[in-house]
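Written below as structure tokens is the structure these notes are about.
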Amino acid sequence: MKRILIAGGAGFLGSHLCERLVERGHSVTCVDNFRTGHRRNISHLLWHPRFRLIEHDIVKPLSVSASIDEIYNLACPASPPHYQRDPRYTVMVNVMGVANLIELARYKKARLLQASTSEVYGDPLNDEQSETDWGNVNCTGPRACYDEGKRCAETLLFDEWRQHDLPIKVARIFNTYGPRMQEEDGRIISNFVVQALTDQPMTVYGDGSQTRSFCYVDDLVDGLIRLMDSPASVTGPINLGNPEELTVLRVAHRVAAVLGKRAKVDFNPLPADDPRRRRPNISRAAALLGWKPTTSLDAGLTKTIAYFRKLLAPVNAHEALPLDNVVSMGAARAASA
Ligand SMILES: NC(=O)c1ccc[n+]([C@@H]2O[C@H](COP(=O)([O-])OP(=O)(O)OC[C@H]3O[C@@H](n4cnc5c(N)ncnc54)[C@H](O)[C@@H]3O)[C@@H](O)[C@H]2O)c1
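Counting from 24, one number per residue, gives the positions in the sequence shown under our numbering.
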């Protein structure tokens, strides 16, 4: 059994990771400030004896009394409307937040895995993005708080590795979708699914010819765990994503087809600095981790649609959350004193 801390564990990806690691018999501490995450994502884990929640903002230093073997950092607002709402905060989470987790990892002698992003490539110059690409980011644009924040986080980790031999792992995650995305987070698949389920036209920005590659959440979580479990020499960065490239318009049609509906589309102006292409080269992940996604888009969409169908249904008043396993940071410090 490993003792694992997951920052951002109440978010979309983090909650699936918490769940998978608890299922595998590990002890999991989720640290989250619920900035964009939700209690409902982890409510089913709160009763579990090997799961613990600490409410805390990683921009502030974090002290944990228990031993920690591994830290996964997923704490960061991830969708454009969320990270652009308070851009300064987004930068702080990726700089101060990551610096604080580095301190914790050094003190606990723990491995630290950073959830980086395909956005470090910006608007890519190549058809397919490889880890050797340096990226094409507008550092003064509206996406820069996230893109440059994540780039700086990678810099912090690699300097720490070079100077102090901190065992680091950097995953560059490409668009991922699945249950527990938020209905109003402005991401392509959650937008399309919610709009199609509620009989609204699906919003396509630009003419829909820009491409994206969508990875189902279960595959992504598998990749993150394989990276964490890889030999210490494997630091990354490693692309994790699905290389099947589709135009955004094609995705809208696939969502409608899985729902058995005719696609209704509403075209809107393209936002500033929207990347034209996204397709990961995953040969490094295949060679070093033996990883590749296995879930087809239709299979993933079916599960995602089932989740949103339930989420949008009228709320059941009996679904109260058990809160026994929740501690605030003050209580955690008191317990460690
Ligand atoms: N989902 C994707 O397609 C995708 C793609 C690339 C990278 N990523 C990265 O993966 C991570 C998780 O993404 P997600 O889609 O699950 O997003 P999410 O917004 O659902 O999850 C982020 C979680 O971090 C928490 N958080 C934010 N700031 C925090 C802070 N200062 N202290 C503690 N907790 C904080 C939020 O409350 C939330 O629970 C992010 O770092 C994101 O940049 C995600």
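Glycine is no exception: its CB is placed at the ideal position from the N, C-alpha and C atoms.
Of the listed residues the options, nearest to residue i (C-alpha basis)
| i | options | result |
| --- | --- | --- |
| ARG111 | ASP170, THR178, ASN214 and LYS192 | ASP170 |
| ASP182 | LYS132, VAL121, LEU69 and LEU247 | VAL121 |
| ILE29 | PRO104, LEU85, LYS173 and ILE94 | ILE94 |
| LEU269 | GLU142, SER50, PRO294 and GLN233 | GLN233 |
| LYS326 | SER213, GLU207, CYS168 and ILE196 | SER213 |
| ALA286 | ARG273, PRO254 and ILE248 | ARG273 |
| ARG108 | LEU324, TRP70, CYS168 and HIS187 | CYS168 |
| GLU267 | SER88, PHE197 and GLN223 | PHE197 |
| SER88 | GLN223, LEU293, LYS131 and ALA322 | LYS131 |
Residues near residue i in its chain [Cβ-Cβ closer than 8 Å; skip 5 each side]
| i | result |
| --- | --- |
| PHE57 | ALA33 and GLU78 |
| LEU97 | ILE29, ALA30, GLY31, GLY32, GLY34, LEU36, GLY37, LEU40 and ALA138 |
| THR317 | ASP242 |
| ASP156 | TYR144, PRO147, LEU148 and ASN149 |
| ALA360 | Its pLDDT being 31, under 50, ALA360 is placed unreliably by the model, and nothing is read from it. |
| LEU253 | According to the sequence displayed, residue 253 carries Ser and not Leu. So the qualifying residues of the chain are LYS192, LEU311 and LEU312. |
| PRO337 | none |
| GLU177 | GLN137, SER139, VAL143, VAL193 and PRO260 |
| ALA322 | TYR239 |
Residue j beta carbon less than 8 Å from that of residue i
| i | j | result |
| --- | --- | --- |
| GLY201 | VAL240 | yes |
| ALA194 | LEU136 | yes |
| TYR228 | ASN304 | no |
| ASP296 | ARG166 | yes |
| VAL45 | VAL54 | no |
| SER306 | ASN265 | no |
| GLU126 | PRO84 | yes |
| ALA280 | PHE215 | no |
| HIS105 | THR140 | no |
| ASP208 | SER102 | yes |
| CYS175 | VAL257 | no |
| ALA308 | ILE248 | no |
| LEU250 | LEU312 | yes |
| THR113 | GLY172 | yes |
| ARG203 | ASN64 | yes |
Inter-residue CB distance, residue i and residue j (contact presumed, cutoff 8 Å)
| i | j | result |
| --- | --- | --- |
| ALA329 | VAL278 | 13 Å between Cβ atoms; not a contact. |
| ASP150 | ARG302 | 7 Å |
| GLY259 | LYS192 | 6 Å |
| GLY283 | LEU263 | Actually they do not touch by this definition, with Cβ atoms about 31 Å apart. |
| MET225 | VAL288 | 5 Å |
| ALA133 | ASP92 | 6 Å |
| LEU68 | GLU206 | With 8 Å as the limit, LEU68 and GLU206 do not qualify as a contact, their Cβ atoms being about 21 Å apart. |
| ALA255 | LEU189 | Actually they are not in contact, since the Cβ atoms of ALA255 and LEU189 sit about 10 Å apart, beyond 8 Å. |
| THR199 | CYS238 | 5 Å |
| ARG43 | VAL244 | 5 Å |
Identity of the residues DSSP links to residue i by a beta bridge
| i | result |
| --- | --- |
| GLN137 | ASN96 and VAL193 |
| ALA30 | VAL54 and ASN96 |
| ASP170 | None; ASP170 has no bridge partner. |
| ASN159 | GLY145 |
| THR234 | THR270 |
| GLN223 | DSSP lists no partner for GLN223. |
| ASN123 | DSSP lists no partner for ASN123. |
| PHE74 | VAL51 |
Any non-hydrogen atom of ligand 3 closer than 7 Å to residue i Cβ
| i | result |
| --- | --- |
| PRO103 | Absence of ligand 3 from the depicted structure is noted, with ligand 1 being the only ligands included. |
Closer than 8 Å to chain C by CB, residue i
| i | result |
| --- | --- |
| PRO254 | No chain C is part of this structure, which consists of one protein chain only. |
Cutoff 7 Å; reference residue i; Cβ partners in own chain excluding five residues on either side
| i | result |
| --- | --- |
| ARG332 | LEU220 |
| MET115 | VAL82 |
| MET24 | GLY48, HIS49 and SER50 |
| LEU324 | ARG277, VAL278 and VAL281 |
| SER153 | ASN304 |
Close-in-space but distant-in-sequence residues of the same chain around residue i (CB under 6 Å, 5 per side omitted)
| i | result |
| --- | --- |
| SER90 | ARG26 |
| ARG300 | PRO147 and THR234 |
| GLY158 | VAL143, TYR144 and GLY145 |
| PRO298 | ASP146 |
| VAL349 | For VAL349, the pLDDT reaches just 46, beneath the cut-off of 50, and the residue's location in the model is therefore unreliable, although a value from the coordinates is still provided. Cβ neighbours of VAL349 beyond the five flanking positions: LEU76. |
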